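A.B. asks: One structure is given below, represented as structure tokens, and several questions about it will come after.
Protein chains in written order, with the working numbering: chain F, 1114 to 1219; chain R, 1114 to 1219.
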């Protein structure tokens, strides 16, 4: 299984694939292709998230004002309930995210 | 922070960097440069491991006989106590691993 190949076509909408669930940790590949969160929408997750961009480019916006540009290899940890949205993903090519969600009990 | 840049020089020995610990999940970047596990050595881990190769090339060997070649993007889950060793990593360039270890309580 390969994170960078056999990409689903995400031009019509972001595609989330669950790769593994181990204990309270969920591992997903997310493919975006120009999508962004709706204006005014914020993710507000109970889980901690580790997210890396493996290909493409994206920009995350946090409700506290921080804006983080992401290119291949860039990663960050998003604390539980730190509100954020996807402000932008590259419309010209797929953006591949590797995301880990670690549940409250993890 | 970037998984693919600012690589430590691993020619003298594999280098493990702990990126984050969230609950019972530990996230590491490992850089190899030609190293392999000693002959006859087996990792026997209590934790489940999700591991992906992000750059370079490697080969894992399992005590049950399976051999898995890994190139960029390839990933697998190694069950707890499934004995394995690194049979080979590319001696010509760094191999970058992203490894997640999920503890027994996760």
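All residues carry an ideal CB built from backbone N, CA and C; glycine is no exception.
What you are looking at is a predicted structure, and each value in this text was computed from that prediction instead of being measured.
Does DSSP put residue 1122 of chain F in a helix, a strand or coil?
C.D. replies: Residue state, collapsed to three classes: coil.
A.B. asks: Can you look up residue 1142 of chain F in the DSSP assignment and give me helix, strand or coil?
C.D. replies: In this structure, residue 1142 of chain F counts as strand in the three-state DSSP scheme.
A.B. asks: So the candidates are R/1174, R/1205, R/1160 and R/1196; which of them puts its Cα closest to the Cα of residue 1212 of chain R?
C.D. replies: If we check each option's Cα against that of residue 1212 of chain R, R/1160 comes out closest.
A.B. asks: Using a Cβ-Cβ cutoff of less than 6 angstroms, which residues in the same chain neighbour residue 1214 of chain F once the five nearest sequence positions on both sides are dropped?
C.D. replies: Contacts found: 1139, 1160 and 1162.
A.B. asks: Just to confirm, is the Cβ distance from residue 1128 of chain F to residue 1164 of chain F under 8 angstroms?
C.D. replies: No, they are not a contact pair.
A.B. asks: Got a sec, what are the start and stop residues for the beta strand (DSSP E) residue 1214 of chain R sits in?
C.D. replies: Looking at the DSSP string, the run of the beta strand (DSSP E) that includes residue 1214 of chain R is 1208-1215.
A.B. asks: With a 10 Å radius around its C-beta and 16 neighbouring C-beta atoms as the bar for buried, classify residue 1146 of chain F as buried or exposed.
C.D. replies: Flag for residue 1146 of chain F reads buried.
A.B. asks: Give a yes or no on whether 8 angstroms exceeds the smallest Cβ distance from residue 1172 of chain R to chain F.
C.D. replies: Chain F contact via Cβ: absent.
A.B. asks: How about residue 1186 of chain R and residue 1132 of chain F: are their beta carbons less than 8 angstroms apart?
C.D. replies: Cβ distance not < 8 angstroms, so residue 1186 of chain R and residue 1132 of chain F don't count as in contact.
A.B. asks: Between the Cα of residue 1148 of chain F and the Cα atoms of F/1204, F/1216, F/1209 and F/1210, which residue gives the shortest distance?
C.D. replies: Nearest option by C-alpha distance: F/1204.
A.B. asks: Using DSSP with H/G/I as helix, E/B as strand and the rest coil, what is residue 1169 of chain R?
C.D. replies: Three-state DSSP puts residue 1169 of chain R in coil, outside helix and strand.
A.B. asks: Closer than 7 angstroms, Cβ to any Cβ of chain F: which residues of the region 1190-1210 of chain R, in chain order?
C.D. replies: Residues 1190.
A.B. asks: Counting only beta-carbon separations shorter than 8 angstroms, does residue 1131 of chain F have a partner in chain R?
C.D. replies: It does not: the Cβ of residue 1131 of chain F has no partner Cβ on chain R nearer than 8 angstroms.
A.B. asks: Spatial neighbours of residue 1167 of chain F within its chain, please: C-beta separation below 8 angstroms, excluding the five flanking residues on both sides.
C.D. replies: Answer for residue 1167 of chain F: 1116, 1117, 1185, 1186, 1209, 1210 and 1211, listed in chain order.
A.B. asks: Run through chain F and tell me which residues come within less than 7 angstroms of residue 1185 of chain R, C-beta to C-beta.
C.D. replies: The answer, in chain order, is 1117.
A.B. asks: Which partner residues of residue 1177 of chain R appear in the DSSP bridge assignment?
C.D. replies: Answer is none; residue 1177 of chain R lacks a bridge partner.
A.B. asks: Using Cβ-Cβ distances below 8 angstroms, what residues of the region 1151-1170 of chain R are close to chain F?
C.D. replies: Taking 8 angstroms as the Cβ-Cβ cut-off against chain F, the residues of the region 1151-1170 of chain R that qualify are 1161, 1163, 1165 and 1167.
A.B. asks: Answer yes or no: does any C-beta atom of chain R fall closer than 8 angstroms to that of residue 1213 of chain F?
C.D. replies: Taking Cβ atoms only, chain R reaches closer than 8 angstroms to residue 1213 of chain F, which makes this a yes.
A.B. asks: Count the other C-beta atoms from every protein chain shown that fall within 10 angstroms of the C-beta of residue 1136 of chain F, then say buried if there are 16 or more, exposed otherwise.
C.D. replies: It counts as buried.
A.B. asks: For residue 1206 of chain R, collect the residues of the same chain with a Cβ closer than 6 angstroms to its Cβ; drop the 5 residues on either side in sequence, then sort them by chain order.
C.D. replies: Excluding positions up to five away in sequence, the list reads 1169.
A.B. asks: Measure from the C-beta of residue 1140 of chain F to each C-beta in chain R and report whether the shortest distance is under 8 angstroms.
C.D. replies: Output row for residue 1140 of chain F: interface = yes.
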